[in-house]
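In terms of our numbering, the sequence shown opens at residue 266 and continues consecutively.
Backbone N, C-alpha and C define an ideal beta-carbon position, used for all residues, glycine too.
None of the values given here were measured: they were computed from a predicted structure.
The next block holds one structure in the form of structure tokens; read it before the comments.
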Amino acid sequence: MVEPERDPPTLLASPADLQAVAARVGAEITADHPDGVVLVGVLKGGVPFLADLSRQVRVPVDIDMVAVAPYDGARGRTRVVKDLDLDVRGRPVVLVTGIVDTGLTSDFLLRHLAEREPSSLALCGLADKRARRLLPVPVTYAGLQPPDRFLLGYGLDFAGRYRNLPGLWAAESSALAEDPDRYLALLYAAVR
Ligand code: IMP
Ligand code: MG
Numbered sequence: 266m267v268e269p270e271r272d273p274p275t276l277l278a279s280p281a282d283l284q285a286v287a288a289r290v291g292a293e294i295t296a297d298h299p300d301g302v303v304l305v306g307v308l309k310g311g312v313p314f315l316a317d318l319s320r321q322v323r324v325p326v327d328i329d330m331v332a333v334a335p336y337d338g339a340r341g342r343t344r345v346v347k348d349l350d351l352d353v354r355g356r357p358v359v360l361v362t363g364i365v366d367t368g369l370t371s372d373f374l375l376r377h378l379a380e381r382e383p384s385s386l387a388l389c390g391l392a393d394k395r396a397r398r399l400l401p402v403p404v405t406y407a408g409l410q411p412p413d414r415f416l417l418g419y420g421l422d423f424a425g426r427y428r429n430l431p432g433l434w435a436a437e438s439s440a441l442a443e444d445p446d447r448y449l450a451l452l453y454a455a456v457r
């Protein structure tokens, strides 16, 4: 059994580290898209990264958002609950997500966006968690390659909690599954 006192969450990336990640990835996207790009963020976890990243992309950007229902492992599928507003046909698109874990969600969204016939389509993930990958989705722009722990903060949640922590933390998923609130006091005290 995981004891939270012995296995406390650790800070993977400070706010300054995350700004540096956004600057590096933004420069990569800028270099690859001299004529501009459509950034498509994945709600909700991709929002803080999209906000920081978009300001580091130094070519004209259009922003759109998509949202999917949580992946239904039993039925082996998910569905779009908020679709694109823009017509991206013939335009370069980068899908910006908070985390690529098994890859199921990103794979689904890439297929969905490909149906709109963009001129190019790439995936950008703040966290590229390769250890648990089930589908070989190409993460063209990877912010961080974290260890195989549960990530919290900077948009990433457990059961809706912890999203607004300014840094990115790694915690034990078994401890969170026992009690989703377990690290609230600890982590919000750490950022005051
Ligand atoms: P997938 O397994 O690549 O389909 O990831 C699906 C979704 O699981 C992500 O978009 C996140 O919402 C969530 N997720 C997976 N791993 C983590 C994590 O470590 N922290 C927070 N959310 C996660
Ligand atoms: Mg989530």
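(message) the ligand MG and Asp366: does any heavy atom of the ligand fall closer than 7 Å to the residue's C-beta?
(response) no
(request) Tell me whether Asp337 is buried or exposed, calling it buried when 16 or more other Cβ atoms sit within 10 Å of its Cβ. (result) exposed
(request) Work out the CA separation of Gly355 and Ser439 for me, nearest whole Å. (result) 45 Å
(request) Kindly indicate which residue of Leu375, Asp352, Asp350, Val353 has the alpha-carbon position closest to the one of Thr362. (result) Leu375
(message) Once the 5 residues before and after Asp413 are set aside, which same chain residues still bring their CB inside 8 Å of it?
(response) Lys394, Ala396, Arg397
(message) Is it buried or exposed, Ser371, if we count other Cβ atoms within 10 angstroms and call 16 or more buried?
(response) buried
(request) Identify, in the order they occur along the chain, each residue of the same chain with its Cβ nearer than 8 Å to the Cβ of Val333, setting aside the five sequence neighbours on each side. (result) Correct list, in chain order: Val307, Thr343, Arg344, Val345, Val346, Thr370, Phe373, Leu374.
(request) Using three-state DSSP, classify Val290 as helix, strand or coil. (result) helix
(request) Starting from the Cα of Pro401, find the closest Cα among Leu386, Val365, Gln410, Ala436 and give me that residue. (result) Val365
(request) Verify whether the separation of the beta carbon atoms of Asp474 and Arg426 is less than 8 Å. (result) Residue 474 lies beyond the range of the chain shown here (266 to 457); nothing can be said about it.
(message) Let me see if you follow: with CB-CB separation under 8 Å, is Gly310 close to chain B or not?
(response) Given the protein chain composition of this structure (a single chain), no chain B is represented.
(message) Can you tell me where the beta strand (DSSP E) holding Val415 begins and where it ends?
(response) The question names Val, but residue 415 is Phe in the sequence shown. Note, Phe415: beta strand (DSSP E), 415-417.
(request) List the endpoints of the continuous alpha helix (DSSP H) containing Ala442. (result) 438-443
(request) Would you list, in sequence order, the uninterrupted alpha helix (DSSP H) runs of no fewer than 4 residues that lie entirely inside the stretch 317-345? (result) Unbroken alpha helix (DSSP H) stretches of 4 residues or longer found wholly inside the stretch 317-345: none.
(request) With hydrogens ignored, establish whether the beta-carbon of Asp422 is closer than 7 Å to any heavy atom of the ligand IMP. (result) yes
(message) Tell me whether Phe314, by its Cβ, gets closer than 7 Å to a heavy atom of the ligand IMP.
(response) no
(request) Tell whether a beta-carbon distance below 8 Å holds between Val358 and Tyr406. (result) no
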